[in-house]
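The structure appears below as structure tokens.
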Amino acid sequence: QTKFEPTKKMSTYLLAIIVSDYTHLYATQGDVIRIWGRRAAIEQGQGNYALNVTGPVLDFFQSYYNISYPLSKSDQIALPDFYFGAMENWGLVTYRETNLLYDPVTSSIRNKETTATIIAHELAHMWFGNLVTLRWWNEVWLNEGFASYVSYLGADHAEPTWSVKDLILLDDVHRVFSVDALVSSHPLSSKEDSIILPDQISEQFDVISYSKVHRHQKDLILKLFKSSFFFLQGYLNHFAYSNMIGNDLWQHLEMAVEANNVSLPHPVYDIMNRWVLQMGFPVVTIDTSTGKVSQKHFLLDPESNVTLKSPYNYEWLIPVRWMKSGVVQRNIWWLMEKEGFGSSWVLANINVTGYYRVNYDLGNWERLLSQVALILFSLVSTNLALRTTSYLLVETEYIPWQSALNNLDYYYLMLDRTEVYQPMQDYMKKLVTPLFLHFKNITSEWTHVPDRLTDQYNQVNAIRMACTTGVTECQKLTTTWFKQWMDRPQHNLIHPNLRSAVYCSAMAAGDEAEWEFGWSQLKNATVASEASKLMSALACSNNTYLSYTLNPAMIRKQDATSVITSVASNRVGQGLAWDFVREQWEYMFTQYGVGSFSFASMISGVTARFSTTAELQQLKEFEREHSAAGFGSATLALQQALERTTANINWLQQNKQEVLDWTQNGNT
11 QTKFEPTKKM STYLLAIIVS DYTHLYATQG DVIRIWGRRA AIEQGQGNYA
61 LNVTGPVLDF FQSYYNISYP LSKSDQIALP DFYFGAMENW GLVTYRETNL
111 LYDPVTSSIR NKETTATIIA HELAHMWFGN LVTLRWWNEV WLNEGFASYV
161 SYLGADHAEP TWSVKDLILL DDVHRVFSVD ALVSSHPLSS KEDSIILPDQ
211 ISEQFDVISY SKVHRHQKDL ILKLFKSSFF FLQGYLNHFA YSNMIGNDLW
261 QHLEMAVEAN NVSLPHPVYD IMNRWVLQMG FPVVTIDTST GKVSQKHFLL
311 DPESNVTLKS PYNYEWLIPV RWMKSGVVQR NIWWLMEKEG FGSSWVLANI
361 NVTGYYRVNY DLGNWERLLS QVALILFSLV STNLALRTTS YLLVETEYIP
411 WQSALNNLDY YYLMLDRTEV YQPMQDYMKK LVTPLFLHFK NITSEWTHVP
461 DRLTDQYNQV NAIRMACTTG VTECQKLTTT WFKQWMDRPQ HNLIHPNLRS
511 AVYCSAMAAG DEAEWEFGWS QLKNATVASE ASKLMSALAC SNNTYLSYTL
561 NPAMIRKQDA TSVITSVASN RVGQGLAWDF VREQWEYMFT QYGVGSFSFA
611 SMISGVTARF STTAELQQLK EFEREHSAAG FGSATLALQQ ALERTTANIN
661 WLQQNKQEVL DWTQNGNT
């Protein structure tokens, strides 16, 4: 006879029942922790890391929330075909295999970090989302935004040498800014009666809900210091085993403010609702010559028409952390105070802790050029933005490089089908060659792995960009490594950290033999992370495998949309992927679209390069042709694609010639 413990009061969406022949690993440290998976995967040790990291993460959250884990056991299970990245079912968390399983022989350090942060994200939900649950799906950010933020804290506790908290800027800010700068974005909170249908609910699970909230909360949390911990404890205890709304959160934060005598310019609800109830974000413009400070709703296309009314007229109360001539100044709240700047250089939004962008007068930008490596390209002239990249010639740190590459990626998307592409490639080749040689040197001719996590990540950047831009030594290196693997398929000596970059480079440079070998290795892969690397690399080839995506025997359903997106990321495959989506839309929507969050990502990925009037017209025709079948959870993504394409057309018309002139003549 099997007996079960009484089920605690819980939301129905958090219930999961799994019947399987899987096996598990377990540990007992007060509560039972079990990691479940396919028998072969568990016996190969692929669940060991998840088991080792779960205990420390649970301990951290129990301390952080100051509330014990509400259940007596924590089961986590890896599923081979699962639409979502993970799901925080209470006490039985489900994951894609790539997000829970880690193989020490074939998985990369990036895979390891992904496992740690996603486990931390899901376990954070055991309190924030499960113990206390949002009242309705119009406020998904109450669950996902906070869990996204504290996932970095939990992973940082489990792996303190990684400094993963420093990666928040790179992982989240660029992505959320690019979407929230559109008039087709949406506020964090919507009216309850506007989110009813399943597809409307699915659309709420986007980068806005996951990444925007912790960006605008961070400065206030910093201001509250330790009082924020007491606020969380009181909030979670008050609403335990029940539902709440956003204003409940602000009420408890206000109580913490009053109890700790924290000085704020307005009540918490007034400050926070300006960020929650209106879409977008401000750009703060500082004129150091006049001392004038102003703010404006930042839009990717300044000429676009904002039709969604805001209760605050798109004005925000902004916590500004700033420095003058290298000295950190006292915080100011814009709309409350003005500051004099004189002739000193000024840098606002230090460490990008606030959810806003900053623009300066040209004189201050010029003064900043010698002080900072990171400038947000969309705020300054193309010439000034490109001038900042010259700093990369002497830069070896990951965060400046990755930030620059995130910005330059847009330039590539807009220009890699034009005559500007080769001059851009030549310029980037000049920038990345010293970085490539730096890592060749510190790894003793690629025989060692750098110690720091960020150095390991930047080594991948060095190889990927060097090979992509045509550094001969890099291309010879990757093709040699791949050929050695082809000669001895059972002995892959390519380091797991480098496999994504090496596989892609070798596929791009190779022919049918390399592609067929990669496909064979994919079909025989026993580790999900290795299969994922191969799946992405196959899209780097001029050969395409789009026809395989709709055959579940060839490509798992969970991976179909990501394969299409990968093909579209290749400038050669972009047009093929778009044609494929147009031709197969109704079948794909019926078979793959219901309940899938990935359809929105696919639309965004396939249309990311669109920058011509012909492509805009095709997109409008696609919308009209399939309006009867609908677009489900990709409806908002389609509107954003239309808006982004219009903005891209304008950007290309205004900047293409300037980029060409600069890359040909101005970078010497």
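So that you can map any letter, position 493 of the sequence shown is 503 in this note's numbering, and since no number is skipped, the others follow by simple counting.
We put the CB at the ideal spot given by N, CA and C, even for glycine.
Remember, predicted model here, so these are calculated numbers, not experimental data.
Which residues does DSSP list as the beta-bridge partners of residue i?
i, result
"residue 254", "144"
"residue 304", "295"
"residue 585", "Partner(s): none; residue 585 has no beta bridge."
"residue 83", "42"
"residue 103", "86"
"residue 138", "142"
"residue 367", "293"
"residue 706", "Residue 706 is absent from the model: the chain starts at 11 and stops at 678."
"residue 96", "105"
"residue 198", "The partner list for residue 198 (beta bridge, DSSP) is empty, contrary to what the question assumes."
Which residues mark the beginning and the end of the alpha helix (DSSP H) in which residue i is found?
i, result
"residue 421", "408-425"
"residue 485", "482-497"
"residue 62", "58-75"
"residue 615", "608-616"
"residue 645", "645-671"
"residue 710", "Residue coverage of the chain in this structure runs from 11 to 678, which leaves residue 710 outside it and unanswerable."
"residue 674", "First-last for residue 674: undefined, no H or E at that position."
"residue 451", "431-452"
"residue 155", "151-168"
"residue 528", "522-534"
Between which residues of its own chain and residue i is the CB-CB distance below 8 angstroms, once the five residues before and five after are set aside?
i, result
"residue 89", "104, 105, 106 and 107"
Do you know how far the Cα of residue j is from the Cα of residue i?
i, j, result
"residue 562", "residue 58", "30 angstroms"
"residue 49", "residue 34", "8 angstroms"
"residue 386", "residue 399", "Residue placement at residue 386 is poorly supported in this model, since its pLDDT is 48, which falls under 50; the coordinates still yield a value, given next. Using only the alpha carbons, I get a separation of about 11 angstroms."
"residue 659", "residue 190", "19 angstroms"
"residue 631", "residue 472", "41 angstroms"
"residue 134", "residue 176", "19 angstroms"
"residue 167", "residue 102", "23 angstroms"
"residue 254", "residue 243", "15 angstroms"
"residue 28", "residue 47", "12 angstroms"
"residue 25", "residue 569", "25 angstroms"
"residue 384", "residue 212", "Summary for residue 384: the model assigns pLDDT 46, below 50, so the residue's position carries little reliability, and this model does not support an answer."
"residue 346", "residue 291", "With a pLDDT of only 49 at residue 346, under the threshold of 50, the placement of this residue in the model should not be trusted; the figure read from the coordinates follows. Rounded to the nearest angstrom, the two C-alpha atoms are 18 angstroms apart."
"residue 63", "residue 124", "12 angstroms"
"residue 201", "residue 149", "9 angstroms"
"residue 406", "residue 666", "29 angstroms"
"residue 459", "residue 466", "7 angstroms"
"residue 204", "residue 438", "47 angstroms"
"residue 262", "residue 241", "6 angstroms"
"residue 419", "residue 95", "25 angstroms"
"residue 143", "residue 455", "53 angstroms"
"residue 542", "residue 588", "22 angstroms"
"residue 489", "residue 321", "58 angstroms"
Can you tell which of the options has its C-alpha closest to the C-alpha of residue i?
i, options, result
"residue 327", "316, 245, 620 and 365", "365"
"residue 296", "610, 258, 397 and 372", "372"
"residue 298", "357, 266, 285 and 245", "357"
"residue 409", "179, 403 and 22", "179"
"residue 584", "481, 427 and 652", "427"
"residue 112", "537, 579 and 309", "537"
"residue 329", "268, 600 and 276", "276"
"residue 80", "141, 27, 533 and 444", "141"
"residue 403", "393, 646, 392 and 442", "442"
"residue 83", "55, 75 and 38", "38"
"residue 331", "368, 481, 359 and 174", "359"
"residue 252", "20, 55 and 647", "20"
"residue 491", "481, 503 and 483", "503"
"residue 186", "300, 505 and 215", "215"
"residue 325", "282, 661 and 558", "282"
"residue 423", "652, 128, 507 and 620", "620"
"residue 188", "654, 670, 669 and 671", "654"
Considering only residues of the same chain and omitting the five flanking positions on each side of residue i, which have a CB-CB separation below 6 angstroms?
i, result
"residue 182", "221"
"residue 197", "287, 288 and 289"
"residue 18", "none"
"residue 683", "Here the chain covers residues 11 to 678 and nothing more, so residue 683 does not appear."
Would you kindly report the start and end of the unbroken beta strand (DSSP E) that includes residue i?
i, result
"residue 41", "41-47"
With a CB to CB cut of under 7 angstroms and the five nearest residues on each side skipped, what residues in its chain are close to residue i?
i, result
"residue 517", "524, 525, 528, 547, 548, 550 and 551"
"residue 444", "403"
"residue 479", "435, 438, 439 and 442"
Could one say the Cβ of residue i lies closer than 9 angstroms to chain B's Cβ atoms, at least one of them?
i, result
"residue 495", "Of the protein chains in the structure, only one exists, and it is not chain B."
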